[in-house]
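Novice: Here you go, one structure.
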Amino acid sequence: MSRNLGAIQDSDAARATDIAELNKLIPAAEHGDQWIQFGLGVRYADGQGTPQDIFTAAKWYTLSAIQGEPDSLKALYSIFVKEIYGPQNVQAAFKRMTPAAEQGNALIQNLMGDIYRRGAFEVHDHKLAFKWYGRAAKQDLASAQINLGRMYERGEGVAQDYGAALKWYTLGARQNLDSNLNRMRKLKDSAGVSLAVWKFFSALGSVDAKINIGTMYFTGDGVFQNYKRARRWYKLAAEQKNVRAQKKLGEMYIYGLGSRKNYPLAFMWYDVAASQGSTEAMKFRDRIAKKLTPAQLMESQNLVRECRRKQYKGC
């Protein structure tokens with residue numbers, strides 16, 4: 019469980035007021051106590067109770083990060099990527115972290131990739147970044163898989179390859195779907211890849227992916243315009259109670275896009291969207307209602323009730 023810096027101030031390491039007390043904590047840290055290791059890293063990095071020593075701070079942060087302590091990884095990121103302690107200290111501390119990466123720790127390998135990709139302390143090497151991201155990605159670390167996908171997409175340290183980018187993006191997305199959807203949009207440079215990406219995310223349950231596919235077919239963006247296919251994908255999103263898709267279906271039935279005009283069905287979808295708080299949908303529903311005969315209005319209301327009974331499936 020992550021601890022913030024405020025909590026660390028109350029830890030054994032943070033309460034140490036002089037070097038003697040600090041040294042008493044070292045045996046526990048050497049025996050693998052990740053909290054003490056992190057606390058020692060904080061003390062050495064900030065010079066609390068001991069002279070500032072970024073080299074030693076990096077040692078304890080690395081040992082703690084290897085055990086999965088996220089705050090230690092953030093601290094290492096601050097040292098090496100943000101260079102908050104200056105490049106001279108960073109270069110010395112870098113030697114502490116490299117062996118952990120060589121020994122196969124995926125988190126540290128991913129950080130090594132960040133260091134080389136971002137050019138920390140003037141070490142800018144996309145090929146080495148690609149190497150370290152690749153090692154971490156092969157250990158199923160989602161963030162490294164996304165980073166590797168980005169490098170393939172941009173052609174950084176490797177020949178540009180949208181297919182490989184898709185592979186690594188999707189592998190990373192299996193573990194963290196929502197946060198990676200925006201990255202998929204960048205692959206629209208290749209229409210075939212883009213559609214494949216969205217279909218992959220749709221299969222994982224993403225409502226945004228369904229809407230994006232519907233919009234591609236609706237506008238003809240990267241594919242042949244096809245209103246029937248657009249309507250099918252919007253329906254899949256609408257079944258997941260997505261208001262945007264429900265309103266889009268209402269619009270399509272009003273104007274007869276992909277089917278004949280059907281005011282009762284347009285009323286139904288706008289009413290469903292309105293019931294979820296859409297004032298825009300409410301206005302369109304009420305406008306349609308004024309155009310309907312009493313029999314059509316009754317039909318529309320029956321469609322609404324039936325759709326809700328089926329929980330929006332197959333409406």
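Numbering (our numbering), first residue to last: 19 to 333.
Every residue, glycine too, gets a C-beta built ideally from N, C-alpha and C.
1. Could you check what DSSP says for residue 325 in three-state terms: helix, strand or coil?
2. Check the C-beta distance from residue 98 over to residue 82 and give it rounded, since I have them as a contact under 8 Å.
3. By DSSP, does residue 41 sit in helix, in strand, or in coil?
4. Can you find the residues in the same chain that come closer than 8 Å, C-beta to C-beta, to residue 322, ignoring five residues on each side of it along the sequence?
5. Would you kindly work out how many angstroms separate the C-alpha atoms of residue 134 and residue 295, rounded to a whole number?
6. Between residue 281 and the rest of its own chain, which residues show a CB-CB distance below 8 Å, the 5 nearest in sequence each way excluded?
7. What three-state label does DSSP hand residue 16 in the structure shown?
8. Taking Cβ positions, are residue 150 and residue 178 nearer each other than 8 Å?
9. Residue 276 by DSSP, collapsed to three states: which one?
10. State the Cα-Cα distance for the pair residue 76 and residue 115, rounded to the nearest angstrom.
11. Since residue 228 is in the alpha helix (DSSP H), which residue starts that stretch and which ends it?
12. If you draw a straight line from the C-alpha of residue 303 to the C-alpha of residue 227, how long is it?
13. Residue 132 by DSSP, collapsed to three states: which one?
14. From which residue to which residue does the alpha helix (DSSP H) around residue 331 run?
15. Applying the 10 Å Cβ sphere with the 16-neighbour rule, what's the burial state of residue 220?
16. Taking only three categories from DSSP, how would you classify residue 49?
17. With a CB to CB cut of under 8 Å and the five nearest residues on each side skipped, what residues in its chain are close to residue 325?
18. Rounded to whole angstroms, how far is the Cβ of residue 160 from the Cβ of residue 190, which I believe are closer than 8 Å?
19. Helix, strand or coil for residue 293? Go by DSSP, reduced to three states.
20. Between residue 327 and residue 266, what straight-line distance do the alpha-carbon atoms span, to the nearest angstrom?
21. Hey, how far is the Cα of residue 256 from the Cα of residue 175?
22. Just how far apart, CA to CA, sit residue 52 and residue 65?
23. Could you check the C-alpha separation between residue 185 and residue 155 for me, to the nearest Å?
24. What separation, rounded to the nearest whole angstrom, lies between the Cα atoms of residue 235 and residue 316?
25. By the 10 Å Cβ neighbour count, where 16 or more other Cβ atoms means buried, how is residue 163 classified, buried or exposed?
26. For residue 92, which residues from the same chain have a beta carbon less than 8 Å from its beta carbon, with the 5 sequence-adjacent residues on both sides left out?
27. Find the nearest neighbour of residue 152 within the set 241, 137, 130, judged by alpha-carbon distance.
28. Leaving out five residues before and five after residue 225 in sequence, what residues of the same chain have Cβ atoms less than 6 Å from its Cβ?
29. Assuming residue 94 and residue 80 form a contact by the criterion Cβ under 8 Å, report the distance between their Cβ atoms to the nearest whole angstrom.
30. Can you give the Cα-Cα distance for residue 2 and residue 330, rounded to whole angstroms?
Specialist: Well, looking at it:
1. helix
2. That belief does not hold up - the Cβ atoms of residue 98 and residue 82 are roughly 15 Å apart, past 8 Å.
3. helix
4. 285, 286, 289, 290
5. 48 Å
6. 271, 272, 306, 309, 310, 314, 318
7. No answer is possible for residue 16: it lies beyond the span of the chain, which begins at 19 and ends at 333.
8. no
9. coil
10. 7 Å
11. 225-237
12. 26 Å
13. helix
14. Per DSSP, residue 331 belongs to no alpha helix (DSSP H) and is neither H nor E.
15. buried
16. coil
17. 286, 290, 333
18. 4 Å
19. coil
20. 21 Å
21. 42 Å
22. 20 Å
23. 11 Å
24. 33 Å
25. buried
26. none
27. 130
28. 255, 258, 260
29. 7 Å
30. Residue 2 falls outside the range modelled here, since the chain spans only 19 to 333, and no answer is possible.
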